[in-house]
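Going by our numbering, the letters in the sequence shown line up with residues -6 to 214, in that order. So the structure is just underneath, and the comments pick up after that.
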Amino acid sequence: MALFVRLLVWVIVFDLSFSLLLLPFVDGDLWQAASEAGSAMFTLGYAAPSNVGNTVLVYVAAYTGLIVIALQIGYLPTLYAAFNRREAEVTLLVSRAGSPSWGPELLVRTRFGMAAQTSTSELSELYQRWERWAADVAESHSTYLTLVWFRSPSPQSNWLNSLLSVMDAAALQLSLSPGSARAPGSAGHSDGIHLPEPSGPGHSYPGRGRPRSRFRTRCDL
């Protein structure tokens, strides 16, 4: 919906702008100017220009209308591809972390339900996948800020909740058993902390920088 609203705003602004530019060529008749601008932008062709000045403006308006629509058509597949990549991992996480996702449940199901009793490789692979996922989301959502407003299909499987559950699981494992997945867990947790920051300036998110040093201290229990 946000994309269609944006497209509508663009079209209205361009139509109004070209209408004002055409006013001197139609003796100040606002309705005639709006009619010629709209006819050109939507390639309807029912309002023929009467002189050289508004003919040039009508051609520019027609070109602008085509460019705006073409940009939107090319823009949508990129957004939907990034959205699908974001939601794929979130959907896969439901079988491990439940719905809504919960860090302790993710640890228990993955550690004891899907991996060998003496192995933590499943958790390490999970953290590595979510580290790449966080990098991909940070890049796509900072490039296309509109994606931040694309909500997950299910409110119980929100992508931010899913990220938080993976971060909770990594923090718990690093606190209780730091030697079992130190590198993947620490990297995944760090990437998750800084994920919201790239899109922050575009959405009034202040960002907190890196965590303070006292919160980095971990005790090997």
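Positions of the beta carbon are idealized from the N, C-alpha and C atoms, including for glycine.
Legend entry - Where the alpha helix (DSSP H) through L50 begins and ends: 45 to 90
Inset, instruction - Could you check if S158 is buried or exposed, using at least 16 other CB atoms within 10 Å of its CB as the buried criterion? - result: buried
Inset, instruction - Measure the alpha-carbon distance for Y56 versus G46 and round it to whole angstroms. - result: 16 angstroms
Inset, instruction - Let me know the alpha helix (DSSP H) ranges lying completely inside the region 128 to 175, each 4 residues or longer, listed in chain order. - result: 152 to 169
Legend entry - Distance, Q65 Cα to L0 Cα: 8 angstroms
Inset, instruction - Under 7 angstroms Cβ to Cβ from F18, same chain only, skipping five residues before and after it: list those, please. - result: N44, G46, N47
Legend entry - Endpoints, alpha helix (DSSP H) assigned at P97: 96 to 101
Inset, instruction - Sort F35, A74, T84 by Cα distance to V61 and report the nearest one. - result: F35
Inset, instruction - Over the uninterrupted alpha helix (DSSP H) stretch that includes L23, give me the two end residues. - result: 23 to 34
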